[in-house]
Every structure is written in C-alpha cells, then in structure tokens.
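Numbering (our numbering), first residue to last: -6 to 338.
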C-alpha cells in the first residue's frame, strides 16, 4: 500500500512539473507558458540570482536572450544588493509603446531598491532622473574629476553634451586645482532666465576656487569681472603683440576735402579757453567715466593730426611768403643805400 501511495505522489509531482514547463518541437522551453517565444521563456515571473556573482558569466553569448513584458508591470533581474528592472507598456517589442531599463541598488535599511540610472526608449541615459532630456543627462548632481589630468581627453567630441540646471544652484565640473561652474536660474533652457558659465582656479592656501573668467547668458565674456558689458570685458592689463580693430566710423580723410570747415587757429584757441580741451575730443571727465573707444578715439586723433597738417602747410606757405617779402625788402634797402651813396658824391 505504501509503495502505491509513493508512486501516486511521484506521478502527481511529475504531472505538476510538466504542467509548469513546456518544451516545443522547435526546442523552445517555457516556464509558466505553453507557447514559449524563445529558447527559454519565463512567463508571469522573474529570474532571481540568490547566490552573489553567479549571473551570466564571462564569455557567454547574450545574443537572442529576450525579456518579454506584455503590460506595464516591471520585469526584474535581481540580486541581494542590486537590480536591473526592465519595463514595457502594452506591446513588448516597442513598436507602439515605450520601454525602460532601470538600474537600481539597495538603499538604506528598509528602503528597498533605489533607482540610480535609466535608459529610456529613445536610448537616452539618465542619472538622478527618470526623464532624461539628452543622450546623457545628470540631474541634481555634478561630475567630479578626482584624478588630475583625467578629464575629457584631447580629440574627444563635446558636441551635444548639455548640463541641465533647473534652478539657481550651481552645477560644477571640478578637478583638484581648477573648476568649471555652470549656473542657471529658473528655466534651464535660457528662454526666460539667465545662465552663467564660470571658470575658476585654486588661489592661495585655504582660499578655495577663485573665479577667473565668466560667460554670461548674452555670450559676453568677462575676465576679472562678473558683469561683462561687451563681448569681451577685461578688468586688468592686456599684453598683446598686435591688436587689429575694425572701424565702425569713417577714416577722417574728409579733412582734406575742399568743403571741410577747418577752424582757424583763433577759433581753436577760443574753444580751448572756454572748454579746456580740443574741439571734437571728449573731455578728461567723460573719458574717466565712460572709458575710451579705441577705434573712435584713434580716428578723432587722426582727424586732429590731419587738421594740424593743414595748419602746418598753411603756416609754411605764410612763412615762404614772408621770406619772399623779406628778400624784396632787403633788395630795396640795398638799392636805397646805393642811391644815398651816389647822391653824397
């Protein structure tokens, strides 16, 4: 009797196992499904690695392994301290609905797994966000280079890399002796609020990073200042071998035209007496408060040089005329002296 009961129990277990596992003539094996779609198909269940470091080993081919998720529930490959979660909605093959791959680790005690990184249906990778805007999106965090000279190497393409800052907190790429800080306020895309890119280096001992250059939301670059008012604003000295300035005003060749209204020396003298500076030249007070426009000022100075040239030419003509008159006077004096001498005889 006992043997019969044992046989019945074994037969029941065999039938139960056979009901859970299906093997098709094409070699596909299914657990929890009678229509396995691939060589190994687990339906309405997960795959758990209960022993650490016993996953899919090195050298094994992953081609053809597919996780099928028919609805918006999450499939999961889990281990005691981390998880990879894959999520699809409606149609698992992604032809009509998006899918998601989530990388998770165990958080604090009682917290369960915490999402650390995702890859969405567009291939965008997000760290700290489940809605990445670009191919690589780090949210509410920065990138720190802890090893000197191990940043983005020469020759690597930066096109398309975007740092998204949603508020007025500063994101930062830092290295032990320098930093690039990027700051956005309000709307990260810059359509309604300004942003700032700051370049910093380490100062003296215990001084922390010191701002050396900024690029503001208008594209203005400031060196030695945080508020550039032009495309390049420098507070300090500039040492250059050569500087070329494109003219925004005409060169003063108009001074040599016949219709140019050249002031007389007396008029210039009167202007200086009343104003304290040359005509058409800013006063010292204006230059101190507004600065010097090099292109414009050089043209004004050239105008004065050309006017001075005209004054010099005019004086030269007058001098020659006076010299000619002086020569004639000398001749007359000689003739008069000769006549007086003859009369005395």
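The C-beta atom is built at its ideal place from N, Cα and C for all residues, glycine as well.
Identify the continuous alpha helix (DSSP H) that holds residue i and give its terminal residues.
{"i": "residue 329", "result": "287 to 337"}
{"i": "residue 282", "result": "277 to 283"}
{"i": "residue 263", "result": "258 to 268"}
Can you check whether the CB of residue j is closer than 8 angstroms to the CB of residue i?
{"i": "residue 288", "j": "residue 214", "result": "no"}
{"i": "residue 303", "j": "residue 336", "result": "no"}
{"i": "residue 110", "j": "residue 120", "result": "yes"}
{"i": "residue 206", "j": "residue 195", "result": "no"}
{"i": "residue 35", "j": "residue 20", "result": "no"}
{"i": "residue 240", "j": "residue 209", "result": "no"}
{"i": "residue 272", "j": "residue 264", "result": "yes"}
{"i": "residue 300", "j": "residue 248", "result": "yes"}
{"i": "residue 295", "j": "residue 245", "result": "yes"}
{"i": "residue 113", "j": "residue 122", "result": "no"}
What are the boundary residues of the beta strand (DSSP E) that includes residue i?
{"i": "residue 347", "result": "This structure gives no information on residue 347, because the portion of the chain shown stretches from -6 to 338."}
{"i": "residue 16", "result": "14 to 16"}
{"i": "residue 223", "result": "Per DSSP, residue 223 belongs to no beta strand (DSSP E) and is neither H nor E."}
{"i": "residue 108", "result": "106 to 112"}
{"i": "residue 193", "result": "188 to 195"}
{"i": "residue 23", "result": "22 to 24"}
{"i": "residue 119", "result": "118 to 120"}
{"i": "residue 97", "result": "92 to 99"}
{"i": "residue 216", "result": "214 to 216"}
{"i": "residue 33", "result": "33 to 35"}
{"i": "residue 129", "result": "129 to 131"}
How big is the Cα-Cα spacing for residue i and residue j?
{"i": "residue 224", "j": "residue 312", "result": "51 angstroms"}
{"i": "residue 161", "j": "residue 243", "result": "Unreliable positioning characterises residue 161 in this predicted model, as indicated by a pLDDT of 47, which lies under 50. A coordinate reading is not provided."}
{"i": "residue 268", "j": "residue 297", "result": "17 angstroms"}
{"i": "residue 230", "j": "residue 218", "result": "13 angstroms"}
{"i": "residue 127", "j": "residue 118", "result": "7 angstroms"}
{"i": "residue 320", "j": "residue 286", "result": "50 angstroms"}
{"i": "residue 331", "j": "residue 259", "result": "43 angstroms"}
{"i": "residue 324", "j": "residue 315", "result": "14 angstroms"}
{"i": "residue 226", "j": "residue 236", "result": "15 angstroms"}
{"i": "residue 116", "j": "residue 32", "result": "27 angstroms"}
{"i": "residue 37", "j": "residue 134", "result": "37 angstroms"}
{"i": "residue 278", "j": "residue 261", "result": "20 angstroms"}
{"i": "residue 108", "j": "residue 96", "result": "6 angstroms"}
{"i": "residue 61", "j": "residue 93", "result": "Only weak support is given to the placement of residue 61: the predicted model assigns it a pLDDT of 42, under 50, and the question is left unresolved by the model."}
{"i": "residue 329", "j": "residue 318", "result": "16 angstroms"}
{"i": "residue 270", "j": "residue 293", "result": "13 angstroms"}
{"i": "residue 212", "j": "residue 222", "result": "10 angstroms"}
{"i": "residue 345", "j": "residue 124", "result": "The structure shown does not extend to residue 345, since the chain spans only -6 to 338, so no value can be given for it."}
{"i": "residue 63", "j": "residue 220", "result": "Model confidence at residue 63 stands at a pLDDT of 42, short of 50, so the residue's coordinates are unreliable; what they give is reported in the following sentence. In a straight line, the C-alpha of residue 63 is about 56 angstroms away from that of residue 220."}
{"i": "residue 338", "j": "residue 305", "result": "50 angstroms"}
{"i": "residue 48", "j": "residue 132", "result": "Residue confidence for residue 48 is low, a pLDDT of 43 falling below 50, so the modelled location carries little weight and cannot support an answer."}
{"i": "residue 29", "j": "residue 16", "result": "8 angstroms"}
{"i": "residue 327", "j": "residue 252", "result": "44 angstroms"}
{"i": "residue 233", "j": "residue 106", "result": "59 angstroms"}
{"i": "residue 45", "j": "residue 27", "result": "Unreliable positioning characterises residue 45 in this predicted model, as indicated by a pLDDT of 46, which lies under 50. The coordinate reading is nonetheless provided below. Taking the straight line from one Cα to the other gives about 31 angstroms."}
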